[in-house]
Structure formats: structure tokens, C-alpha cells
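Since the structure comes first, as C-alpha cells, the remarks are kept for the end.
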Amino acid sequence: MDIGANLCDDMFQGMYHGKQKHQSDVQAVISRSFQQLKEITVTIGCIADYERFVTHIQPLNEKLTFTVGIHPTNALQYTEAVETQIKQILSQKPKGLKMFGEFGLDYDRIQFAPIDVQIPVFKQQLILAQNSCLPLFLHCRNGEKNAYDDLISILQQYQLENKYKFEGVIHSFDGTLEDAQKILQTQFYIGLNGCSFKSEENLAVAKQIPLDRILTESDCPYCDIRPTHAGFKYLKNPPTGVKPEKWTENCYVKGRNEPNGVVQVIQVLAGLHNKTYDEVYDICWQNAQKLFKIQ
1 MDIGANLCDD MFQGMYHGKQ KHQSDVQAVI SRSFQQLKEI TVTIGCIADY ERFVTHIQPL
61 NEKLTFTVGI HPTNALQYTE AVETQIKQIL SQKPKGLKMF GEFGLDYDRI QFAPIDVQIP
121 VFKQQLILAQ NSCLPLFLHC RNGEKNAYDD LISILQQYQL ENKYKFEGVI HSFDGTLEDA
181 QKILQTQFYI GLNGCSFKSE ENLAVAKQIP LDRILTESDC PYCDIRPTHA GFKYLKNPPT
241 GVKPEKWTEN CYVKGRNEPN GVVQVIQVLA GLHNKTYDEV YDICWQNAQK LFKIQ
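Structure follows, in C-alpha cells:
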């Protein structure tokens, strides 16, 4: 399962850095990814992405699921009007809505939203999340200050004060072993993608995370596993791609990850944990079944 695919990104419309390089191929991307995966969840981090999803992406495949929330780098966009829109979406209980998010704290990109804006927006969305009864899809990125300390502290304080226990996943984990241990002391799963395997230090941390606490994701079109990454040595027949301007129908684009990048994530985990591909696939799928109550 891919718990986090940014299929609303312009790259899947053939647009790179504001320039049109090829026609939209999102339909082909979705089709070939479902040949490898049982489920794909599209992440929504702003209202514009939600509108694009329901209008242009969701109609392409009824099996797609999605999240709804405001990403921490979009925290300055969080107004009463936006909150009202989110409440309306949640009240409609649209088909395929899987998690509340993507929301959380990003201390690495505070140029988009300062910390003193991100924190109250995070807290306000926790109220909406509780009312929705959905699992959380959380974003957490360290900067000069440790974001995991704040995120987990805020979550625990909220749960204590409101006598409520959230479930969910902290996605795209690339933190330290200490950060991972903080998460493992909670009830949350850890989402791993290509950015979780960049360095040998990353691999050492991922090896210490129990497989029964891991969910797999692509975070596409980002977070692919590149030849320069420490985890690349575990890949078996990684797909080769062409430059965007050389695109032809049904080909991979170099440097643009896809949901089926989860296949490579599982290959790395299998190598780290000395398991077969199928063993890791089954364990991570069971984790998803447990969190999302999948029969």
C-alpha cells in the first residue's frame, strides 16, 4: 500500500518548474501502480489540491483513497473560511476519505510558515481530526529545533486534556533513532519512503524500527531512491526513466517517483530486516489493515 502519493502535483500533468514538458500521464501512472499495490492514498495539503483531486484525479480510478487537511508549510493559508471548507468536506463523509491530514510541524521550511503560526494551526486541526474520528496523517520535519519533541508533546497533551486517543502515522520519517524511539513509545505508525534511506545513518535507524510499526509510502513525485542513496544497493531491477522532454507514453520519468516506488521501499526493508519481499509486503499490509480497519 502507498499511504502517501502526491498525485495532484503538477509533474503528473507534465509540468516541471512551471514549464510544460509532456502531456498529462497521471492515468497511466495510476494504472501501472495498481498492478503492484492494493491501495493508493492521495495526500491533500490544501484546498486547491482537494478541488483538483475530486475534479481531475479521483474520477480516473474509484479505488483511490485520500486525505484532507492543511500542510504545515501552508499554515498561513489557514483561515476561518478554509476551516469551514474542511468541516464541510468532513461532514459530507465523501467516499474514499481515509485520513485527516496532511498536517503537523515542519521546522525545516519555516520560510513558508513560521513556527509560531504552525503550532496553533496544528492544534486547531487536532480538534477537527477528533471530530472526524479519522486516523491522522502527520508531517514532521526537524530544523534547527526538534519538531518531533513539539509534535509528540502537543499530541499527548491534547489527548490527556480531551480524554481521546488518536491513531495514525507520522509519514516520511527521516529522523534520528531517538526520534524514532519517541514515536514508538506512542501508538503511531512510522511511514517510510525513499527519503528514509538516503544515508547509512538512515538505514541504521530504519533497521531498528520493528516491521509491525511501519507503513510504506512513495511520497511521489518526490522521495525516490536514487543511485547516490545508501539504500540503492538493496534494489532489484530499479526502473529506468527518461528526461521529461523525452517522455513517451507509458514510460517512467527520470527523477519523478510514482506510487509503485513503494516496491523499492519494501525491497530496502527486506534487505535491512533479512526478510523476503513477500514477508515485508504482508507485514506492512497487515499494519494498514489494522489501522484502517480493512477487511
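Counting with this note's numbering, you get residues 1 to 295 for the letters of the sequence shown. Ideal placement from N, C-alpha and C gives every residue a C-beta, glycine not left out. These figures come from a predicted structure and were not determined experimentally.
1. Which class does E249 belong to by DSSP, given the choice of helix, strand or coil?
2. For V280, which of K246, Q289 and V265 has the nearest alpha-carbon?
3. Spell out a yes or no on whether the segment 191-199 and the segment 154-166 are touching, meaning 3 or more CB-CB pairs, one atom from each, closer than 8 Å.
4. Assuming R109 is part of the beta strand (DSSP E), what are its boundary residues?
5. Can you give me the Cβ contacts of I283 inside the same chain, cut-off strictly under 7 Å, excluding the 5 residues immediately before and after it?
6. Using only the alpha-carbon positions, how far apart do A28 and I119 sit?
7. Does DSSP put D9 in a helix, a strand or coil?
8. What three-state label does DSSP hand Y16 in the structure shown?
9. Closest to Q125 by C-alpha separation, out of R109, E144, L90 and P114, would be which residue?
10. From C140 to L291, what does the alpha carbon distance come to, in whole angstroms?
11. How many angstroms separate the CA atom of T84 from the CA atom of Q187?
12. Among all the DSSP beta bridges, which residues are the ones paired with H298?
13. Tell me the DSSP bridge mates of D2?
14. Check for me: the beta strand (DSSP E) holding I190 runs from which residue to which?
15. Would you mind sorting S196 into buried or exposed? The rule is 16 or more other CB atoms within 10 Å of its CB.
16. In three-state DSSP terms, what is E161?
17. Between the C-alpha atoms of C133 and H71, what's the straight-line distance to the nearest angstrom?
18. Using DSSP with H/G/I as helix, E/B as strand and the rest coil, what is K95?
19. Please classify Q185 as buried or exposed, where buried requires at least 16 neighbouring CB atoms within 10 angstroms.
20. Hey, how far is the Cα of Q92 from the Cα of V68?
21. Mapping DSSP to helix, strand and coil, what is T216?
Taking the structure as given:
1. For this step, residue 249 is matched to residue 249 along the sequence shown. Three-state result, E249: coil.
2. As a working mapping, residue 280 is identified with position 280 in the sequence shown. The residue with the shortest Cα to Cα distance from V280 is V265.
3. Short answer: they don't touch.
4. Indexing the sequence shown from 1 puts residue 109 at position 109. For R109, no beta strand (DSSP E) encloses it, and the DSSP letter there is neither H nor E.
5. The residue labelled residue 283 in the question sits at position 283 within the sequence shown. Result list for I283: L211 and D212, in chain order.
6. If you number the sequence shown from 1, residue 28 lands on position 28. If you number the sequence shown from 1, residue 119 lands on position 119. Each residue's alpha carbon lies about 38 Å from the other.
7. If you number the sequence shown from 1, residue 9 lands on position 9. D9 sits in coil when the DSSP states are folded into three classes, being neither helix nor strand.
8. Here residue 16 refers to the residue found at position 16 when the sequence shown is read from its first residue. In the structure shown, Y16 sits in a strand (DSSP, three-state: E or B).
9. Residue numbering aside, residue 125 sits at position 125 when the sequence shown is read from its first letter. Nearest option by C-alpha distance: L90.
10. Along the sequence shown, read from residue 1 onward, the residue named residue 140 stands at position 140. Along the sequence shown, read from residue 1 onward, the residue named residue 291 stands at position 291. C140 and L291: Cα-Cα distance of roughly 19 Å.
11. Counted from its first residue, the sequence shown places residue 84 at position 84. Counted from its first residue, the sequence shown places residue 187 at position 187. Whole-angstrom Cα-Cα distance: 29 Å.
12. For the chain, the structure presents residues 1 to 295; residue 298 sits outside this window and is missing.
13. For the purposes of this step, residue 2 is taken as residue 2 along the sequence shown, with counting starting at 1. Partner(s): I40.
14. For this step, residue 190 is matched to residue 190 along the sequence shown. Secondary structure note for I190: its beta strand (DSSP E) is the uninterrupted segment Y189 to L192.
15. On the sequence shown, residue 196 is found 196 positions in, with the first residue counted as 1. S196 comes out buried.
16. Taking the first residue of the sequence shown as position 1, residue 161 is located at position 161. It is helical.
17. Counted from its first residue, the sequence shown places residue 133 at position 133. Counted from its first residue, the sequence shown places residue 71 at position 71. Counting only the Cα atoms, H71 lies some 19 Å from C133.
18. Within the sequence shown, numbered from 1, the residue matching residue 95 stands at position 95. If DSSP states are grouped into helix, strand and coil, K95 belongs with coil.
19. Residue 185 sits at position 185 when you count from the first residue of the sequence shown. With fewer than 16 other Cβ atoms within 10 Å, it is exposed.
20. Within the sequence shown, residue 92 is the residue found at index 92, counting from 1. Within the sequence shown, residue 68 is the residue found at index 68, counting from 1. Pairing Q92 with V68, the inter-Cα distance amounts to about 12 Å.
21. Counting from one through the sequence shown, the residue named residue 216 turns up at place 216. Judged by DSSP in its simplified three-state form, T216 adopts strand.
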